[in-house]
Structures are given as structure tokens and as C-alpha cells.
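Numbering (our numbering), first residue to last: 14 to 513.
The following block contains the structure:
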């Protein structure tokens, strides 16, 4: 199983990121370059270059970095013509690259051979390294940096009808770096805008594509220790006992516009968002991701649905906590999903409810789960072809459950433990024990509305009401409660009445 599908891009662009972000440096030009080479080699790259030194200036030419990708996924390489290290006379070193610098990239995994040339252009780019070999501080900034696709070949065939560009405006940041037995970095970065453009013919599908995306008001902070060799051999090597990563990123808004055309016809996607944030924590035992984004507006036109589909979300959020290491003891995990204020346009509502029978209030969904699980194997080292389940769930708590739509809502909490030694009582599923308490409001009103609209025949609504009567207890006008239990004997009960 591939735990990190983006490891190819991470590994292949590490060298470029160090140059632009910038490279490892010291108080002399030669030390800057020597330390940078040492880091790249420890990270798994084979590096070659030529050097021209003199009068406090070191010019490095024909830089080539090659790496064997993890899991026998082929080779990747990155080449640059020239970069310079200039001593400023005050104990600092400036790292610079020429404007309109060609950067070549190649990747071959045996199934697909890709080679591309990008041109790096910049305005007002500065990078200054200071400090000591043990702890280096970089300060960098630029009015604009752009990577523009100049040339692309796939499986030996030239791709002419495709343009692409990634650009960053008003970039500024600092990076504190120390190299010892591990690589430590503490970073802060801001950017006014990140823009992405792709236009032309998709080399895979042959269809037309015209995509632009912009992220506005970016800020980020990160701090972490990374073991050397993280990108070599296998991505699981990154999760050594010395791994410790924390990062936090925010943005003010985002926008995406994409038009495409394939054999089924033309289509279009437009999306805008408000503020967003994400947080990541990783160490050798835990992986944690969380994020949220507000005020999402999207319009979609698909070839088979030529009418516009307008959907908005007040807020989307997620929170995932996963243990990574095998252990004989149960470990905590958690998952939270939040979809608040989901709204459809009146145009869509009128397609299936022209009489406005259903309440058109925004819908929401919240699921918040926590639990305990035992891992038999390290998740980061699983084989992609594994067929056996690498662990077992010991307990699950429903900390919050809420769904509201069309004038009805359901909410609940509960908890269950699981006997993994009993796979018979529930036909191959570990025997649960516990209970969930539910509250249901407006369900009968929703059934009445569906019957009025003709979407649900009256004769089919009756069995649904009877089923509700079996599993719920009336508490007020169109208000129901239900307690579903599974006892230690495997009996299933609804409000005290045995069902199984």
C-alpha cells in the first residue's frame, strides 16, 4: 500500500526547494556549497557539478542530481545550468540564480517516461545566508518567481499543445537550518498569491483543458527534524525515531476556473473559497492532519448535464489522527468530518421541487469519531499488495453525529467495544458491545412532503412509518428518540426490546 502517493514529487523537487528556499550555507561561499552537497547526498541524491572559484565568489555550473525512487519506481533527475555563492564581506553569503534559468526534469518508472524543461524567471529575488555551519539562518524574498513549462516529452513523443506556469508573488520568508546527525529546519513564509495555469491538450486523454487557480494571502510556519536518508530507498525510512514535524498554513481565499472538452463534450468548473487553514503533525508513532475552509461556492457544467449545478458550503473541515507503529497495546485514533451549511441554488431546487414543498434550509453533516485500535504491522512499511488487514479495531466512540436536511435532523452519541475473537455472532464482523442514543426530529413531516411531491408513494411511506415505530419512541410533536444496544451476549435491542 502506498502511504505517500506524493513521494515522487517530494523527492524530485527537494534540490530545487533548497536552492530557492535556499540552499544550505555557511559564512564562506565554499562552505555553503560543500554543506549543500553533503545534505543532498545524505538525502539520497547522486550529485555532479563543476566549480569556478575566486575572490569570494563561487560559481557552480551544470548541476545534476539523480535519485532512485522508492519502491523500485524508477529514476528521477534534476539539472540546472548555474548558481552562484557570493561572500558579502560581513559574514553572510548570497545565493543567486540567473534570470530565465532553464531547469530540466526527467522521470522514468518503467511505465511512463517523462522529460520536461522549465524556465525559472524572477524579479527582485534575494537570498542571504548567515550564522555558522552548525546553525544557518536564511532570509529570502522576491517580488515574483515563476516556473514556466518550456518543453515536454512523454514516452519519447513531443507534447507541443500544452502550456503551464506556476508563479508566486511577493514572497518573503526565513529558514533556520542545522545539520548534525539529523536535519533540523524552522521556517516562516508569506506570499501574496500563488498562481497556477495549465492550458492546451491533455497528453493522456487528448481533450482540451484550460485551468487557472489562485491562492491569496498565504502564510505558513513549520518546524521539524528529519532523519537523513528520508528520500532514499523507501518513504517509510522518513519515519525513524528522530522524526518530528509540525506545520501550520493559512490562506485568505482561493479561486479555480477550469474549462475542458473531451469526447463527451464541453464542461466547466468554477470555484471560490474564503479563508482556509491546515495543520500537520508527524512523528515516528503518529500522523495527524486537520484543516478547514469556509465560504465555498462552486458551479459545475458537465457534458452529460448541460445545466449549471450550483452548490455552496458554509464550512468544510476534517481532523484525522492515525497511529503508525505496530504495538501489542491498543492505540488511540480519531476522525472528524464537518460539512456545514450546504446549499443548492433555487434553479436546482425547482427542478425536483417546483412547488417549494420542502424547506430549503441549508443542510449540515457532522461526524466525530474516536477509538482504540491495535496495529499488527507498521502502517508506513506496508506492501501495496497486502491482502490481510494490518490490525484490529478495539473500541469506537461516536462523540458527535448530526445530520440536518429538508426540515429534518438526526443527532446521536454512543460507544462500542469489539470482541475480535468472536467473528461468528455477527457473520465475520467482530462482536460489538455498547449502545448508541439517537434523537430524530421532523422525519414524519419529511415523509409527508415527499408524498405530496409524488417522490414517495403513500403505500411505500406506510412501511417506513411502521419501521420507525419499531425502533423509536415518540417524545413530542414529530420528535423521536431511540437507543440501540448490543449486549455481552450479542443480543441487539431497540429501546429495551430484543431484535436479535
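Every residue gets a Cβ at the ideal spot worked out from N, C-alpha and C, and that includes glycine.
In the three-state scheme derived from DSSP, where H, G and I count as helix and E and B as strand, residue 113 is classed as coil. In the structure shown, the three-state DSSP call for residue 482 is helix. Here residue 508 has 486 and 496 as same chain residues with Cβ atoms under 6 Å from its own Cβ, once five neighbours each way along the sequence are excluded.
Between the C-alpha atoms of residue 503 and residue 431 there is a straight-line separation of about 11 Å. Cβ neighbours of residue 183 within its own chain (closer than 7 Å, five residues either side excluded): 156, 204 and 205. The C-beta distance from residue 80 to residue 57 rounds to 5 Å, short enough to meet the 8 Å contact threshold. Setting aside the 5 residues that flank it on each side, residue 292 is surrounded in the same chain by 261 and 303, each with a C-beta closer than 6 Å to its C-beta; the list follows chain order. In the three-state DSSP reduction, residue 337 falls in the coil class, being neither helix nor strand. Contact between residue 105 and residue 141 holds, since their C-beta atoms are separated by about 5 Å, short of 8 Å.
Sixteen is the threshold: since fewer than 16 other Cβ atoms of the shown chains lie within 10 Å of the Cβ of residue 68, the residue is exposed.
Within a 10 Å sphere around the beta-carbon of residue 510 sit fewer than 16 other beta-carbons, which makes this residue exposed. Contact check for residue 282 against residue 313 passes: the beta carbons are separated by less than 8 Å.
For residue 173, the secondary structure class from DSSP, reduced to helix, strand or coil, is coil.
Here DSSP, grouped into helix, strand and coil, assigns residue 52 to helix.
The DSSP-derived three-state label of residue 476 is helix. Distance from the CA atom of residue 464 to the CA atom of residue 484, rounded to whole angstroms, is 22 Å. Residue 454 has 422 and 492 as its beta-bridge partners, per DSSP.
With a cut-off of 8 Å on Cβ pairs, the stretch 324-338 is in contact with the stretch 294-310, counting three or more such pairs. The C-beta distance from residue 352 to residue 335 rounds to 21 Å, too long to fall under 8 Å, and the pair is not in contact.
Under the three-state reduction of DSSP, residue 127 is assigned to strand.
In the three-state scheme derived from DSSP, where H, G and I count as helix and E and B as strand, residue 43 is classed as helix.
With a beta-carbon spacing of about 12 Å, residue 62 and residue 98 fall beyond the 8 Å limit used to define contacts. For residue 226, the uninterrupted beta strand (DSSP E) run begins and ends at 221-240, by DSSP. Boundaries of the beta strand (DSSP E) around residue 352: 344-357. Annotated three-state conformation of residue 364 is helix, per DSSP.
Boundaries of the beta strand (DSSP E) around residue 279: 278-286. Residue 468 counts as exposed, since fewer than 16 other beta carbons sit within 10 angstroms of its beta carbon. Apart from the 5 residues on each side of it in sequence, residue 428 sits with its Cβ closer than 6 Å to the Cβ of 410 and 447 in its chain, given in chain order.
In this chain, the beta strand (DSSP E) harbouring residue 71 covers 70-81.
When the Cα atoms are used, residue 59 and residue 51 turn out to be separated by approximately 10 Å.
Between residue 277 and residue 317, the C-beta gap is smaller than 8 Å, which places the two residues in contact. Boundaries of the beta strand (DSSP E) harbouring residue 157: 149-167, taken from the DSSP string. Checking the DSSP bridge columns, you'll see residue 199 partnered with 189 and 236. Residue 150 has its alpha-carbon roughly 6 Å from the corresponding atom of residue 190. Straight across, the Cα-Cα distance linking residue 370 with residue 364 is about 12 Å.
Linking residue 173 to residue 288 through their CA atoms gives a straight-line distance of about 37 Å.
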